Amino acid sequence: MSKSPRLALATALLVALAGLSQANAADIIPVITDPAGVGYYDTTPAAPVGGNPGTTRGEQRRIVANYAASLWGSVLQSNVPVYVQARFLNLAPGVLGSAGAKYINNNFANAPFADTWYHTALADSIAGTDLVPGDFDIVSQFSTNFTFYYGLDGNTPAGQVNFLDVVMHEYAHGLGFSNFENEAAGTFFNDIPDIYSVYTYDNTAAKYWTAMTVAERIASGINYGNVVFTGPRATAQAALILDDRRDFRVFSPMAVAGNYAYGTASFGPALTTTNFNGTVVLGTDGVGTAGDGCEAITSDVMGKIALIDRGTCAFTVKVKNAQDAGAIGVIIADNAPGNPPPGLGGVDPTITIPSIRVTQAAGTSFKANLPLTVGFVIDPTKLQGADDLGRPRLFMPNPVQSGSSGSHYDSNAAPNLLMEPAINSSLRSYYNIDITPALMADVGWKLNTGNARIGSPRVADCDTGIKAVNEGGLFAGGTVQANNDMCLLSAQTRTGYYSCMQAGRDRMLAVGLITSTQASKMMTCARRIADNTLFPLTSN
Amino acid sequence: MSSTTRNHCLAAGLAIATLAVGSAQAGTPMNVLERKAAADAMARQYQAQQAAQGDATTPSANASEVPDDLHNYLHARVDANGKVRILETDGKTAPPKQEANHE
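Residue numbers (our numbering), protein chains in the order written: chain A, 1 to 540; chain B, 1001 to 1103.
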């Protein structure tokens, strides 16, 4: 997509945002219900890490939970506090945790859609009152049996999971980013549709989920690549955030010409439009299952892309055999049904040719029409992870992946998004939550349109001049406010508070989130707070 | 804790929470100490409810508690490259076993 339509969309979005109310940022409050010495109160000593100043494991967990709450609180507006039950528990092996809205409401005051479920925190914000008083709005629990990274800088070590990204993702589910539909059964909870499904649209059926029969929703729930979120704000932001679409295309023969879903490899060079195009032929080894490529390739693949079946041996073995036979690339055809095709795992630094994985169905079609002419094409008029109208795709794999289907953006989006069904290491949710706030606005949240204002219980809020929420999912002001909240609560002295704010400023400058002028103004506010607040704050 | 003491704690907690909520509903965001007080009060209220009678909240006719099987559960898997993959499911059901990604 050219820049001018994107600028036009951005302008339109700014106009739309300007029309939103100027209510307060939301107070999102983690309520820790762990007993003493456990979970969020774990007293195991821990070294401060990645901007998290906590000195016990429990304190670091509390800081991350509160940091995430401050971040989301700076993005959203509500006059009703959002209470999040926060626990760490000894969960089953492999289970990291869970989260979601504790209640859902319909037909409340000011509800935009009648007979439609809303997450209770969202419903509260629209109604302006607590619709289920005295209880939590969101419940969350995480496992004590897992090694999380508690830093706030996104520098997650290999083998660990960034707790802040996980919490930001899970809070989003609880705040509004989820449906209450069973994709396998096609049924809504208590037969009442939800606000998320109001915007869920199937391009094949040309119907919204709320207008479908149960049978149609079952079919739509596995219609990978063809179900989108139609909210206008999410669509506008997608145009600013998503990369130009990159398609794997069969050019000829005409019988199979078109674009195909693909998975990428964890080894070999990255795919480009120049390193993966040409003629596709079968790669056979003549031993055992001839098409599996597990032995030396004997068919003529020199200068061509080899089509090889999945199975029997490692992906790296197949690709290396094709490389040794002179192939310039490899397509692995899956040996089991399913869509989208997963990636190709493995490690082999000697592999120098690119490879992809296609579905079993695509592989069967390809083999019946060889030779093919294929290549990767960049379409600057379309977006990676959106339909042809620019609406972000929702993840609808076949078969249904309970819990992942429906309530996430499609995993083929580029760049990676916070609300994809996997927590990717490239996420940086401490300052970038991409299209997610826009979707929240579509389902009914009001976004904070003002600047970050920081203060303390003794110092009136100071305008930092940094917008709380920026275009493209950046929220520099949110990061400033979250840093201020964290530094206020963790600092033992005013010098400690100021140093903590300086460290946050440096992290923001390092990633280009704020300018030096903005940094200066932020620190002027921080100086005012430091000079007029007694620390530690809890003793005031 | 005696029931009298518990009731006093609960009343005090609710009073603090109400004050904090009142502040927010009046249009003033809470400061960090007010949020902390509100969180502590809600935690005490929860503990008191748990000790007394369990979850006592009864939602209105137009509200419903979300069943646990509609909550998003996170699962961790280590792939063939030693990378941790996070998968989500509805409820506690483990994600379907997948074939090894390396073959």
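Virtual Cβ for every residue (Gly too), placed ideally from N, Cα, C.
All values reported here derive from a predicted model rather than from experimental measurement.
Query raised in the report: What residue range is occupied by the uninterrupted alpha helix (DSSP H) comprising L321(A)?
Result: Here residue 321(A) turns out to be Asn, not Leu, going by the sequence shown. Segment F315 to D324, the alpha helix (DSSP H) holding N321(A).
**Asked** Can you tell me the Cα-Cα spacing of N448(A) and D124(A), whole angstroms?
**Response** 16 Å
Point to revise | Supposed contact pair Y171(A) and V84(A) - C-beta distance, whole angstroms, cut 8 Å | key: 7 Å
Exercise. Hey, does Q1053(B) have any beta-carbon neighbour from chain A nearer than 8 Å?
Worked result: no
TODO: Check R559(A) in the structure and name its three-state DSSP category.
DONE: Any property of residue 559(A) remains undetermined from this structure, which presents chain A solely from 1 to 540.
**Asked** Which bits of chain B does K102(A) rub up against, with CB to CB less than 8 Å?
**Response** E1065 and V1066
By the three-class DSSP mapping on this structure, what secondary structure does C487(A) have? helix
* **N- and C-terminal bounds of the beta strand (DSSP E) containing S411(A)** => Segment: none, S411(A) is in no beta strand (DSSP E) and carries neither H nor E.
Check: Going along chain B, which residues have a C-beta under 8 Å from I32(A)?
Finding: A1039 and A1043
Under a three-way DSSP split, which group does D387(A) fall into?
-> coil
Interface partners of A1048(B) on chain E, CB under 7 Å
Here the protein chains are A and B, and chain E is not one of them.
Can you pull the chain B residues whose beta carbon is under 8 Å from the beta carbon of S456(A), in chain order?
N1031 and V1032
Check your understanding: Helix or strand or just coil, what does DSSP make of D442(A)?
Key -> helix
Report task. Scan the stretch 222-300 of chain A and note each continuous beta strand (DSSP E) run of 3 residues or more that stays entirely inside, going in chain order. Result -> 227-229, 244-252, 258-260 and 277-282
F142(A) - partner residues in DSSP beta bridges | F88(A) and G97(A)
Q323(A) classed as buried or exposed, judged by whether at least 16 other C-beta atoms fall within 10 angstroms:
buried
So, does the stretch 137-150 of chain A touch the stretch 87-96 of chain A, judging by three or more C-beta pairs under 8 Å? yes
### Same chain, Cβ closer than 8 Å to Y40(A), five either side skipped, listed in chain order
I32, D34, G58, R61, R62, A65, A86, R87 and F88
Counting only beta-carbon atoms, is T27(A) nearer than 8 Å to chain B? Looking at the sequence shown, residue 27(A) is not Thr but Asp. By this cut-off, D27(A) is an interface position.
#### Entry: Neighbour flag for S426(A) against chain B, beta carbons, 8 Å
no
Closest to A362(A) by CA distance: which of F535(A), D334(A) and D243(A) is it?
D334(A)
- prompt: S516(A) lies in the beta strand (DSSP E); which residues open and close that run?
  reply: Run containing S516(A): none in the beta strand (DSSP E); it sits in the alpha helix (DSSP H), S516 to D531.
Between the stretch 81-102 of chain A and chain B, which residues of the former have CB atoms less than 7 Å from a CB of the latter, in chain order?
P81, Y83, G94, V95, L96, G97, S98, A99, G100, A101 and K102
### Query
Can you list the residues of chain B that F108(A) reaches, using a CB-CB cut of under 7 Å?
N1062
Would P421(A) be called buried (16 or more neighbouring beta carbons within 10 Å of its own) or exposed?
buried
Counting only C-beta atoms, is L439(A) closer than 8 Å to chain B at any point? no
### Reduced DSSP category for K367(A) - H, G, I as helix; E, B as strand; rest coil
helix
query: Who are the neighbours of F189(A) on chain B, taking C-beta pairs under 7 Å?
result: L1070
**Item:** Cβ of G50(A) within 8 Å of any chain B Cβ
**Value:** no
field: Cβ shell of D485(A) (< 6 Å), same chain only, five flanking positions each side left out
entry: S70
query = What residue does the alpha helix (DSSP H) around V64(A) start on, and which one ends it?
reply = R57 to V75
Notebook entry, point to check: When the distance is taken between beta carbons, is G278(A) closer than 8 Å to I328(A)?
Noted result: yes
*asked:* Measuring only the C-alpha atoms, how far is S379(A) from G263(A)?
replied: Per the sequence shown, residue 379(A) should be read as Asp rather than Ser. Looking at the two C-alpha atoms, the distance is approximately 19 Å.
- Query: Should the stretch 484-502 of chain A be called in touch with the stretch 521-537 of chain A, which here means at least 3 C-beta pairs below 8 Å?
  - Reply: yes
Which of the three DSSP states, helix, strand or coil, is assigned to K207(A)?
strand
Taking the straight line between their C-alpha atoms, what separation do you get for G548(A) and Q481(A)?
One cannot answer for residue 548(A) here, as it falls past the ends of chain A, which runs 1 to 540.
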